[in-house]
Amino acid sequence: MTCFDVAIIGAGMAGASLAAELSAHRSVLLLEAEEFPGYHSTGRSAAFWSETYGGPAIQPLTTASREFLAAPPPAFADSGFLFARGALHIGTTGSLSKADAMLADFCSSGVSLDRLDHSGIDRFLSGRRDGWDVALWEEDCCDIDVAALHQAYLRFARKAGCELRCRAAVQGLVYRDCRWGIATANGHFEARHIVNAAGAWADTVAGLAGLPALGIQPYRRTVVQIEVTPAAPSDLPLVVGLDGSFYFKPDSGGRLWLSPHDEIATPPCDAAPEELEVAMAIARFQEVVDWKIERIERKWAGLRSFAPDRKPVIGADPGNARFFWLAGQGGFGIQTAPAVARLAAALMLGNDPESGLDADSYSPARFR
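Residues in the sequence shown are numbered consecutively from 3, following my numbering.
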């Protein structure tokens, strides 16, 4: 039996980034149920960095993460993880009010959003169909190299002394004498603090600890990779429906990734795409542009987990201060990971959160 200062349950982006922040200060055990970290949400993300994604409540975390993602410290990585893309938020005439609301939401945030006329839209998106004439341009939107970022966090944590155990699904948690006993499929451990970074399984882990669930709900999100004619230009921006009903972005070789932006409530699981959502993605794409779909090359699904108010949950549980929540990151968990990890580490180490981040607004205490 081995005792650690902190045991983090879940080695996806949330758990790996916090492990990297904590391991220089505490002994850290990182537990992963699967054969390798990032199998579920992290490994299936078509991630981008967009300050508007998730709305005004998420924007401070996204903005605070940019510097690290663009130019990480040399000890962490040799180069950044962001690549310029830009985002075109587009809709029909009926979406004018949505465009106005989006501009109003971010008017005082410093986010770069500009309204486009017809010629402006055509500059970024050729082949658009009639009626798609309302658009906003988000210049600062970037692609994120998710795999490289995740591996860099794991590598940095390991160098600082973090111990990673895979195939270690947590089977039981018992709190006694100010320590957690942790029964897993790959051994038994003890830790003074538990971090619940279990993603879709966050409420399940809370139940194992004898604590109330917070209503963290997983939702299935479908992505389809297609080949189109004409080939998608490499500088095509991320194209997002103002009504939230689709997005598509270029992949290598002139291919596209597209999604119906679906949110299908589901139990925690190894998510798989449904044919209805694949057909929906294609239909919505064909409503926007006149490009010909040559073939569907891949399709997959991942889980995005939200708290009831759709904000992340970061902080100690009111029922047990040694049980720390790091959950509910939704679809924005990748782009906010640096700021969220720093905030969580500051709270666990007793330090002040960085300026501009309101820790109380993300605390699990808001649900109790």
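Note that CB positions come from ideal geometry on N, CA and C, so glycine has one too.
Item	Value
Assess, as a yes-or-no matter, whether the segment 122-135 is touched by the segment 82-98 under the definition of 3 or more beta carbon pairs within less than 8 Å.	yes
Using 8 Å as the cut-off, can you tell me whether the segment 4-19 makes contact with the segment 150-159, which would need three or more C-beta pairs spanning the two stretches below that distance?	yes
Would residue 170 and residue 20 be called neighbours here (beta carbons separated by less than 8 Å)?	no
One question on the structure: do residue 320 and residue 366 come within less than 8 Å of each other, judged by their Cβ atoms?	yes
Using DSSP's beta-bridge definition, name the partner residues of residue 398.	As shown, the chain starts at 3 and ends at 370. That puts residue 398 outside it, with no answer to give.
Which residue's Cα is closest to the Cα of residue 195: 358, 351, 364, 369?	351
If you drop the 5 nearest sequence neighbours on each side, which residues of the same chain put their C-beta closer than 6 Å to that of residue 35?	171
Under the rule that 16 or more other beta-carbon atoms within 10 Å means buried, what is residue 90, buried or exposed?	buried
Bridge partners for residue 322 per DSSP, in chain order?	319
Do the segment 281-288 and the segment 257-265 touch if we need at least three Cβ pairs shorter than 8 Å?	yes
Buried or exposed for residue 210, going by 16 or more other Cβ atoms inside 10 Å?	buried
Would you please state the rounded distance, in angstroms, between the beta carbons of residue 104 and residue 115? I believe it to be under 8 Å.	7 Å
Would you call the CB atoms of residue 5 and residue 165 closer than 8 Å?	no
Please report the Cβ distance between residue 287 and residue 334, rounded to the nearest whole angstrom; I am assuming they are in contact, meaning their Cβ atoms lie under 8 Å.	With 8 Å as the limit, residue 287 and residue 334 do not qualify as a contact, their Cβ atoms being about 23 Å apart.
I believe residue 197 touches residue 326 by the beta-carbon criterion, under 8 Å. Please report the beta-carbon distance rounded to the nearest angstrom.	5 Å
Does DSSP put residue 265 in a helix, a strand or coil?	coil
Cutting at 6 Å between CB atoms, please list the residues of its own chain near residue 30, excluding the five before and the five after it.	8, 21, 24, 164
May I ask you to report which of helix, strand or coil DSSP gives residue 161?	helix
Tell whether a beta-carbon distance below 8 Å holds between residue 272 and residue 224.	no
If I follow the unbroken alpha helix (DSSP H) through residue 62, where does it start and stop?	61-72
Does the segment 235-243 touch the segment 175-191, meaning 3 or more C-beta pairs lie closer than 8 Å?	no
Exposed or buried, what is residue 358 when buried is set at 16 or more other beta-carbons lying within 10 Å of its beta-carbon?	exposed
What ranges does the alpha helix (DSSP H) occupy inside the segment 88-169, keeping only unbroken runs of at least 4 residues that lie completely in it?	98-107, 120-126, 148-161
In terms of residue numbering, what span does the beta strand (DSSP E) encompassing residue 340 cover?	From DSSP, residue 340 is part of no beta strand (DSSP E) but of the alpha helix (DSSP H) over 339-351.
In terms of residues, what are the limits of the beta strand (DSSP E) holding residue 308?	294-308
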